[in-house]
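Our numbering puts the first sequence at residues 827 to 1469.
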Amino acid sequence: MSSINVSLPDGSRLSFDPGVDLTTVALAIGPGLAKAALAAEVDGQLVDLSHRLEADAGVRFLTWRDDEGQKVYRHSTAHVLAQAVQRVFPQAKVTIGPSLADGRFYYDFDVEQPFTPDDLARIEDEMRRVIAEDQAFSRSEVSRDEARRVFDELGEPYKIELLDAIAEDDTVSLYGNANGDSHWVDLCRGPHLPSTGRIGVVKLLTASGAYWRGDSNNKMLQRIYGISFPDKKQLAEWLRLREEAEKRDHRRLGRELDLVWFSDVAPACPFFFPKGALIYNKLTDLVRSLYRRFGYDEVITPQIMSVDLWKTSGHYDNYRENMYFVEVDGQEFAVKPMNCPAHAIMFASRHHSYRDLPVRYADFGRLHRYEASGVTAGLTRVRSFAQDDAHIFCRTDQIEDEVFSFIDMLMECYELFGFTDVRIDLSTRPAKAVGDEAVWADAEARLHQALQRRGVEYKVAEGEGAFYGPKIDFMVSDALARRHQLGTCQLDFNLPERFDLTYVNSADERERPVMVHRAVLGSIERFMGVLIEHCAGAFPAWLAPVQVKVVPIGERHVDYARRLTADLKSRGYRAEIDDTGERTSAKIGRAEAERVPYMLICGDREVDAEAVSVRERGMRDRGSMPYVDFVEELSAKAAFPPL
RNA sequence: GCCAACGUAGCUCAGCUGGUAGAGCAGCGCACUCGUAAUGCGCAGGUCGUCGGUUCGAAUCCGACCGUUGGCUCCA
827 MSSINVSLPD GSRLSFDPGV DLTTVALAIG PGLAKAALAA EVDGQLVDLS
877 HRLEADAGVR FLTWRDDEGQ KVYRHSTAHV LAQAVQRVFP QAKVTIGPSL
927 ADGRFYYDFD VEQPFTPDDL ARIEDEMRRV IAEDQAFSRS EVSRDEARRV
977 FDELGEPYKI ELLDAIAEDD TVSLYGNANG DSHWVDLCRG PHLPSTGRIG
1027 VVKLLTASGA YWRGDSNNKM LQRIYGISFP DKKQLAEWLR LREEAEKRDH
1077 RRLGRELDLV WFSDVAPACP FFFPKGALIY NKLTDLVRSL YRRFGYDEVI
1127 TPQIMSVDLW KTSGHYDNYR ENMYFVEVDG QEFAVKPMNC PAHAIMFASR
1177 HHSYRDLPVR YADFGRLHRY EASGVTAGLT RVRSFAQDDA HIFCRTDQIE
1227 DEVFSFIDML MECYELFGFT DVRIDLSTRP AKAVGDEAVW ADAEARLHQA
1277 LQRRGVEYKV AEGEGAFYGP KIDFMVSDAL ARRHQLGTCQ LDFNLPERFD
1327 LTYVNSADER ERPVMVHRAV LGSIERFMGV LIEHCAGAFP AWLAPVQVKV
1377 VPIGERHVDY ARRLTADLKS RGYRAEIDDT GERTSAKIGR AEAERVPYML
1427 ICGDREVDAE AVSVRERGMR DRGSMPYVDF VEELSAKAAF PPL
């Protein structure tokens, strides 16, 4: 009998008898690995440790250190959850239960009554029992008929529906976990842990409704979210990180830092207090300063326009349920949800030569969109907002340069906020699309060109473009590694058509321009929310609502502190004095809580020497320095615009 | 929109099985004049989200509405 070769990631090779299972292979490599292994990857395919090798193969064992290992771990925990639920609620029908990219897992059930917090506690206890029973996960590949019979007998209609959706040439696999007379089976691709006993600690987090297959026309199922770890300490750490994230929640910080307020009189519509408004305006001013350099012209357009306009643009037919309407003098008007139609008619109101293009209209107009009550959230999903919106009207041959320079501007802007990890997606022609295929292909090629010339990495999202044109989306990762979509750049072949936009070319013929919708920050409100959480409320000095807090130690230092405050203000900085009769440490504590970037402590030493004792936010005392030196430092770090 | 939970002072929360509300922080006042994350004492502050019902009596029980939060295809 000839042996087979197993090659490992480090390049080494081992030989075994054919039919050897992976647990044995792991043991041969070392008992440590055998203990840590959760599953394995054989020639790129994820498999159970019980998998047997019949031929030469490349094997990589997955442990907790691998993302795939954790995925298997959590997915197996989801199976334990489902088994526990069916023990406690025998009528519950099982559906699907994947592990999520953020480390959690869930399982959806069809049950008569939604789960209560009490139910979750009972289910969690039952899960611990299943884990204690150390049931082995065993895989069996069966025919579709066989599988259908199993789930028919078990009375699991959702599994049969899933079974029917599995591709013909795909193998159907069942996973049973059994221990003595306790047996539980699920339709699953796998792989799984060797046994339930490998799961350390579990915690169920929340229960909520979730539509079957995410479609609101389908029945609402009950979803349970959970998390699991090999070790208690890891769970504690996970919960701690989650609390940290809660502390920097922009809704909380927005309130604590006096930036934003919400009222029932306008649900999902932020009210910005002075400090919030200051940041808001600094953000738009920043974009304005970029516009000056990149050749954009700002326009101002009406808040409310006739429905005729929205009928022409197509929004009335396709976007009506998100719009607000008002009737005046028997005529119907709509509050604008977008700026583009206004810009289109402005463009159309003048004759344009090919020499005039591109025309770039920027607009910070306030937009109103009705969002379903269940989806609004803080500043990230609101009904009243503005965007750093602009529309470029250009010739086809100008697309590449326009997009290139837009990416330039965007990257420069993101870097300023410390958003250095930018993911870029190019979305191409979807199934239902306007404009002919050649035009799309040409436009997509120009987008590729622009991206490649700019030298950025990007992914292609096939068929994910808008119906009116291909687009490029920009996602950033924040300080907690969460992704947010901010910028976008979308070509539009639809509106120029609908508004019959033209320019005159060099041969004196009328031609259709391309319209480009683009935004760097996207919604200013949303961007503020993302930024607040990214910097945990500690805004860069050029953006901080209060840049300098002047802190006199005693009453006899107040005059001096006032003089400095006035001087800083006259130089254009946002400075405040804290002349409350508090103790110095209390004043510092408050200034730190407000996230003020610079604190200037003034006592006898400083008054005598025309100096200040500088404390930077989040750092210790830097000691005294001449006031003029501090002003110089400030001019370098807090100047606006910061570019 | 749908499922669930929640809504008590500006903020964070307490208030057991119904007997008309309490704390800390913030605010205001007084004292302390103080050297790098929060001095002490006092005062004031609430239609208990709104409306309706049950009850001798409702913050508490029931219903409706409003709002907020967590979810609503990262596939078997």
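Idealized CB from N, CA, C, for every residue including glycine.
Boundaries of the alpha helix (DSSP H) in which residue i is found, first to last residue
i, result
"aspartate 1214", "Careful: aspartate 1214 lies outside any alpha helix (DSSP H), inside the beta strand (DSSP E) at 1210–1220."
"lysine 1463", "1453–1463"
"asparagine 1003", "Counting along the chain, asparagine 1003 falls outside any alpha helix (DSSP H), though it belongs to the beta strand (DSSP E) covering 998–1005."
"lysine 1413", "1410–1419"
"glycine 1355", "1350–1361"
"isoleucine 949", "943–958"
"glycine 895", "893–914"
"serine 1139", "1133–1139"
"tyrosine 984", "983–991"
Residue i versus the options, residue with shortest Cα-Cα distance
i, options, result
"glycine 1080", "Met1354, Val1438, Glu1381", "Met1354"
"threonine 1032", "Tyr984, Arg1066, Pro1096, Pro940", "Pro940"
"aspartate 996", "Tyr984, Glu967, Gly981", "Glu967"
"glycine 1429", "Ile1298, Asp1262, Gly1380, Tyr1145", "Gly1380"
"lysine 1258", "Thr1222, Trp1266, Asp1251", "Trp1266"
"glycine 884", "Gly923, Ser833, Asp1447", "Ser833"
"isoleucine 1358", "Gln896, Val1229, Thr1206", "Thr1206"
"alanine 1287", "Glu979, Arg1280, His1274, Arg1279", "His1274"
"isoleucine 1427", "Ala1465, Arg1388, Tyr1399, Glu1458", "Arg1388"
"glutamate 1442", "Pro1423, Lys1101, Asn1043, Ala1417", "Pro1423"
"glycine 1291", "Arg970, Val1260, Lys1463", "Val1260"
"lysine 1162", "Gly1191, Phe1365, Asp1155", "Gly1191"
"methionine 1046", "Ala1071, Val1113, Phe935", "Phe935"
"aspartate 1090", "Ala918, Pro835, Glu1124, Arg1209", "Arg1209"
Inter-residue Cα distance where the pair is residue i and residue j
i, j, result
"serine 1450", "aspartate 1434", "12 Å"
"methionine 1235", "aspartate 1182", "22 Å"
"arginine 1255", "threonine 1314", "16 Å"
"phenylalanine 1232", "aspartate 1334", "30 Å"
"leucine 1104", "leucine 1019", "54 Å"
"proline 1093", "phenylalanine 1211", "13 Å"
"glycine 1200", "valine 1086", "21 Å"
"alanine 1345", "cysteine 1361", "22 Å"
"glycine 1289", "serine 1021", "41 Å"
"alanine 1283", "leucine 888", "The sequence given here has glutamate at residue 1283, not alanine. Roughly 29 Å separates the two Cα atoms."
"alanine 1004", "glycine 1244", "51 Å"
"threonine 850", "arginine 930", "31 Å"
"glutamate 952", "isoleucine 1025", "14 Å"
"isoleucine 957", "cysteine 1014", "19 Å"
"leucine 1030", "glutamine 1278", "46 Å"
"aspartate 928", "tyrosine 984", "26 Å"
"valine 976", "aspartate 1057", "36 Å"
"arginine 1186", "arginine 1221", "12 Å"
"leucine 926", "glycine 1052", "10 Å"
"leucine 848", "aspartate 1223", "58 Å"
"valine 1302", "arginine 1309", "6 Å"
"isoleucine 1130", "alanine 1160", "5 Å"
"leucine 1390", "aspartate 892", "56 Å"
"valine 1342", "glutamate 1418", "44 Å"
"asparagine 1044", "tryptophan 1038", "6 Å"
Closer than 7 Å: residue i CB and nearest the ligand MG heavy atom
i, result
"aspartate 990", "Judged by which ligands are present, the structure shown has none, so any question about the ligand MG falls away."
Residue i, enclosing beta strand (DSSP E) - first and last residue
i, result
"arginine 965", "962–968"
"alanine 927", "Looking at the DSSP string, alanine 927 is not in any beta strand (DSSP E), and its letter there is neither H nor E."
"histidine 1194", "1192–1194"
"isoleucine 830", "830–833"
"alanine 1033", "1027–1037"
CB-CB length for residue i against residue j, believed under 8 Å
i, j, result
"arginine 1336", "proline 1322", "The Cβ separation is near 12 Å, so there is no contact."
"glutamate 806", "valine 1372", "Here the chain has residues from 827 to 1469 only, and residue 806 is not among them."
"proline 1017", "valine 906", "Not confirmed; about 15 Å, so no contact."
"aspartate 960", "glycine 1023", "3 Å"
"valine 873", "alanine 865", "7 Å"
"leucine 1317", "alanine 1170", "The pair is not a contact, with the Cβ atoms about 14 Å apart (cut-off 8 Å)."
"leucine 1000", "alanine 973", "6 Å"
Complete runs of the beta strand (DSSP E) confined to the region 1377–1406 [at least 3 residues]:
1401–1403
For the region 1043–1105, list the beta strand (DSSP E) runs that are entirely contained and at least 3 residues long, ordered along the chain.
Runs of the beta strand (DSSP E) inside the region 1043–1105: 1046–1055.
Pick out the complete beta strand (DSSP E) segments inside the region 1234–1313, 3 residues or longer, and give them in chain order.
1248–1253, 1285–1287, 1297–1303
Whole beta strand (DSSP E) runs in the region 1159–1189 with 3 or more residues, listed along the chain?
1185–1189
Would you list, in sequence order, the uninterrupted beta strand (DSSP E) runs of no fewer than 3 residues that lie entirely inside the region 1315–1354?
List check, beta strand (DSSP E) in window: 1340–1349.
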